[in-house]
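First to last, the protein sequences are chains A and B.
Taking my numbering, I'd label the letters of the first sequence as residues 2 to 555.
Taking my numbering, I'd label the letters of the second sequence as residues -16 to 500.
All C-beta atoms, glycine included, are put in the ideal place defined by N, C-alpha and C.
These figures come from a predicted structure and were not determined experimentally.
Remarks on the structure that follows.
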Amino acid sequence: MISATQAAPGAALAAPVITDSPPAIDYWLLAPMLVVFAAGVLAVLAEAFVPRPRRRPVQLLLALGGVLAAFVLTLAQAFTLPEGEAGTTLALGAVAVDRPALFLQGTILVLAFISLLLIAERHGGEDAFAAQAAAVPGSEEEREHVLAGSEHTEVYPLVLFAVLGMLLFPAANDFLTLFVALEVMSLPLYLLCGIARRRRLFSQEAAVKYFLLGAFSSAFFLFGIALVYGYAGSVNFARVDEAVQAGGAEIFQGGNGEPLLLLGIGLVAVGLLFKVGAVPFHNWKPDVYQGAPTPITALMASCTLVAAFGALLRVFFTAFGGSVESWRPMLWVVAILTMVVAAIVAVTQRDIKRLLAYSSVVHAGFVLTAVVAADSAGLAGAMFYLAAYGFTTIGAFAVVTLVRTHENGAEAGDLEQWAGLGRTSPVLAGALSLFLLAFAGIPLTSGFIGKFAVFEAALAAGAAPLVVVGVLSSAVTAFFYVRIIVLMYFSEPAEKGGPRVVPAGLLTGSVISIGVAATFLLGVYPTPVLDHLIPAPGGGTDAEVAATADGFTR
Amino acid sequence: MTDIPWLTLAIALPALGALGVALTPVERAEQAKRAAFAVSVAVLALLGVMAARFDTSAAGLQFEEVHPWIPRFGVSYAVGVDGIALLLILMSAALVPLVILAAWRENDDAPDRGKGYFALILALEAMIVGVFAATDVFLFYVFFEAMLIPVYFMIGRYGRGEQRRRAAITFLLYSLAGGLLMLVAVIGVYVYGGTFLWSDLVSGGALAELDPTVLRWLFLGFFIAFAIKAPMWPLHSWLPTAAGSSRPGTAVLLVGVLDKVGTYGMLRYCLELFPSAAAWFVWPAVALSLVSIVYGAILAIGQSDMLRLIAFTSVSHFGFITLGIFAMTTQGHSGAALYMVNHGFATGALFLIVGFLIARRDSSLIADYQGVQKAAPVLAGTFLVAGLAGLSLPGLAPFVSEFLVFIGAYMFNPVPAVIAAVGVVLAALYILWMYQRTMTGPLPERLSGLADLDRRELGAIAPLVALIILFGVYPQPMLDAVEPSVQRTMEQLDATDPAPAVGGTGPTAGGQEGASE
């Protein structure tokens, strides 16, 4: 790496070498992504050729089977990854296979599998998606489709493509691959957000908002990539890192390229922080989470967040690892804003999905405190937090799908309608209470261990004020989580006899059970996950030292 | 020392009992309650056997168990007790069966016929044993925070009156806010001290060599959490609301046991982990204690609700305990340790008797009662004994502890001792005036049918009265148990005590020298 410092920028500029032999690609290491991709393509074909009545089982099989197979392959790779080595890059350095990537991909696959169960659930023969998304809401055509029992099995290939993007996002090792992954992940999600079965206009509005804001942020992101390329002469993270260490590509030998880099970091951060949902780029979250079909909200709240943070961690730790002093103050401000603003705004929310959306923003702020730590402990803490939070949040949204305003009604969004749930359905209310207590970070739940992990990393890195802000906003968030518990247990049901609860089918039931089990087990005995899955912290809190020992390959 | 994991059993038994009671179908609520009572008695018996094997001559922790739990963060499941912890655990284990007995009919009209309440009591008992027995700071924190959840439901779901939801939320948010600040300090202890094991932290030098400013911040993180828990003026305002909206049984556990975690924490964590910072904070802490003593007593006089009145007297009593702790003398510490136990018995008895009154007339207002002693002489008699214990009448248990606190405080500095004496005078006022208004005078028509204590109620209150008298006359066993721990704390404080650096700490050093001789 030291010798490369002189040679690399020049080499990178002269990169396009024309050869006869195609680049060698290790298809085994790419297999998880390829399997999901293949499943997605097959699912599109199935949509075209399989007769309508048999589509759903075929699609389900493809989706669940594909995700499961990819997970098994990821596990196999994790076990065959040589001990003591960070990992490797493949496809000309475009994709990294290392422990953080494998852990995050595994997490995404598990969470996607659970989300798929939720997506597949049907209550009274109806799933969560519009019978015919192309029909005008409220029109005669829509009514016909509803009566005919049409359904959109295209949902499954779309989810598979989104999952493919999510798998690639935290593993991407150059900025272009990162951008491609971002778009592959986002485009299906824009679409999925807009096809809710009920309150369709609302859902479509959410999709449009998400799409427009997402396109804006992608543009910022792309512009940032261009600036970074201009500064470093390469889009590859390792090359960018070398350039950052050396003070810029050859043409910037005087160090006068600094503004270019800072602007680039800033704009790339806008794109990533948008996906994460950090303040001030969080405004899409409540609208989209509320409008989207709840199973899709669960997918976004868990998998997308994991993927986005995975990419954020890799970009800031590897590509921009050398300029940690210049981006750390920015992330300080963003983290504090995220925790404080979202916690305060969440207090005023009256809709359960909006509330969970703001809660997701606050949690993004907590994870950011670990990113600020910029060392291996921070990486490990963030990864544990994301996994723990993912299980809990899917469980919480699964509960939301079951509580309805009235018999065969829409989901009961307004919190007032949840009054007395603890009396009518004690088990469901108990499960949600556990999830909320985990969000609040009460000990013996996974949320507490996660919070401990990120705050410990931040404090060890000297970010004590950040941690104090973190715990204070935790206290504020506890207020609104507890308010829901109060409503469920201590309040009398409303006039109409309280909320109607759809009996949980096998699928939703198992989603909630998995959520409860994971929330409890990761809270009581997190050691297996912490010790075996997450790379052990390297010595020292010094960012320079630790940046090479955090488990990321370069 | 022994192969039997006594403390783990004492944590697991009530936890399993809670699970069993919670899972029992509603139709068999009565059996579930009996089972809950049996479990609580079994825990007491178990701990009694353990206490009999306790070696009162050893200063260190006994019945220690250490197992790695989360090695990544250096967290262990580590439990063990010294004399003070043992006494507090025994006191809690003794109170729980009595509370269960007294609360037998309290929630009969609830949808689950009160069995959920009993499950929560047992769950709380498991966490109480855990919090006092934990010798790993992380484990302590886990129990400290997890304890809030059962209490929250005990107040919010099974409490009394319209205010109970608000009271439960106030309680939870106050405690959570303090707990989260403590979390920062707990993480800080690990980051700077390198371990969570209490015994390593105390004996090792990692914390002692830290920058004093960092130590003071860490101390404050713990202290604020404990001051909320204890509660200390000005962080006390949740307690009267919470106690006033509780069932008396909840109030016994809340004020009699849970709040002791605060004072115990000050003694165990604030003082022993950060001796130098504690020395620096002596005067602010003493001043807050004095304000608590006087303020709590004055407000107690003005209360019209008996539950709130007793809660305010506790604010005053906790002032005495913290005064004893921060006087940093042997007598002060012994007194504070004894005070924690005795206060549990005396206040527990008062709350239970008010609970009996509530069971009869569904009111805790002083104005609703008059001349009760004519209709229910036994009830009035026990109330008098409990009340006199509350004002520390010689011959009853709290007197010994209060006296020791006074000696300790006086050796530290006469001025705080004199101010604290005001609290004793006011205590006589609030207790006797409450007794006079409720128990004496003519019996009005509406109270004529008031029944005296039945056998169940007698069974709940008689052991407490007996204990109050026993330890009033013969406190030596408790003093013996506490003695080695207090000595150890004093050594810890002296060993790392810096030379007086701030003008105001001159008398502190003097007091400590006097004590260590």
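- Fully enclosed beta strand (DSSP E) runs of no fewer than 3 residues are not present anywhere in the stretch 334 to 408 of chain A.
- Excluding sequence positions up to five before and after Met384(A), its CB lies within less than 7 angstroms of the CB of Pro101, Phe104, Leu105 and Ile535, all in the same chain and listed in chain order.
- DSSP, read as helix, strand or coil, puts Phe130(A) in strand.
- In this structure, the CA atom of Leu338(A) is about 50 angstroms from the CA atom of Tyr413(B).
- The beta carbon of Thr178(B) sits closer than 7 angstroms to the beta carbons of Gly57 and Leu184 from its chain, once the five residues preceding and following it are set aside; these are given in chain order.
- When DSSP states are grouped into helix, strand and coil, Phe179(B) belongs to the coil group.
- A direct Cα-to-Cα measurement between Ala227(A) and Ala213(B) gives close to 59 angstroms.
- In this structure, Ser492(A) keeps its C-beta atom at 9 angstroms or more from the C-beta atom of Pro296(A).
- Ser158(B) is positioned such that its CB atom lies no closer than 9 angstroms to that of Trp216(B).
- DSSP places Pro446(B) in the helix class (H, G or I) of the three-state scheme.
- Note on geometry: alpha-carbon atoms of Ala464(A) and Val269(A) lie some 24 angstroms from one another.
- At a cut-off of 9 angstroms between beta-carbon atoms, Trp52(B) makes contact with chain A.
- In this structure, the straight-line span from the alpha carbon of Ala279(A) to that of Tyr191(A) is close to 19 angstroms.
- Secondary structure at Ile53(B): strand, using DSSP grouped into helix, strand and coil.
- Residues of chain B whose Cβ lies closer than 7 angstroms to the Cβ of Ala461(A) are, in chain order, Val174.
- Taking the Cα of Gln419(B) as reference, the smallest distance to any Cα among Ile304(B), Ile284(B), Pro195(B) and Pro458(B) is reached at Ile284(B).
- The C-beta of Ser475(A) comes closer than 9 angstroms to at least one C-beta of chain B.
- In summary, no residue of the stretch 283 to 303 of chain B has a CB separated from any CB of chain A by less than 8 angstroms.
- Taking 9 angstroms as the Cβ-Cβ cut-off, the stretch 365 to 376 of chain A has no residue approaching chain B.
- Residues of the same chain with a CB within less than 7 angstroms of the CB of Ala131(A), apart from the 5 flanking positions on each side, are His153, Ile196, Ala197, Arg198 and Arg201 in chain order.
- In the displayed model, Tyr252(B) falls within a helix according to three-state DSSP.
- At a cut-off of 9 angstroms between beta-carbon atoms, Arg424(A) makes contact with chain B.
- At least one CB of chain B lies nearer than 9 angstroms to the CB of Ala465(A).
- Listed along chain B is no residue with a C-beta nearer than 7 angstroms to that of Val517(A); the closest approach is about 15 angstroms.
- A direct Cα-to-Cα measurement between Ser360(A) and Ala430(A) gives close to 19 angstroms.
- Under DSSP, no beta-bridge partner is assigned to His300(B).
- For Leu112(A) and Pro294(A), the gap between their C-alpha atoms comes out near 17 angstroms.
- At least one CB atom of chain B sits nearer than 9 angstroms to the CB of Leu438(A).
- By the C-beta density criterion, Phe80(A) is exposed, having fewer than 16 other C-beta atoms within 10 angstroms.
- Comparing C-alpha distances from Ile293(B) to each of Ser229(B), Met137(B), Val265(B) and Tyr252(B) shows the shortest one belongs to Ser229(B).
- For the stretch 117 to 138 of chain B, the residues whose beta carbon sits under 9 angstroms from a beta carbon of chain A are, in order, Phe121, Tyr124, Val125, Phe126, Phe127, Glu128, Ala129, Leu131, Ile132, Tyr135 and Phe136.
- Selection Ser384(B), Ala363(B) and Leu476(B) evaluated against Trp263(B) yields Leu476(B) as nearest (Cα-Cα).
- If you draw a 10 Å sphere on the C-beta of Ser140(A), you find fewer than 16 other C-beta atoms in it, and that means exposed.
- Residue contact check for Glu457(A) against chain B: a CB pair falls below 9 angstroms.
- Taking one beta carbon from each stretch, the stretch 299 to 306 of chain B and the stretch 241 to 253 of chain B have 3 or more pairs nearer than 8 angstroms; the two touch.
- The CB of Arg199(B) never comes closer than 8 angstroms to any CB in chain A; the least such distance is about 13 angstroms.
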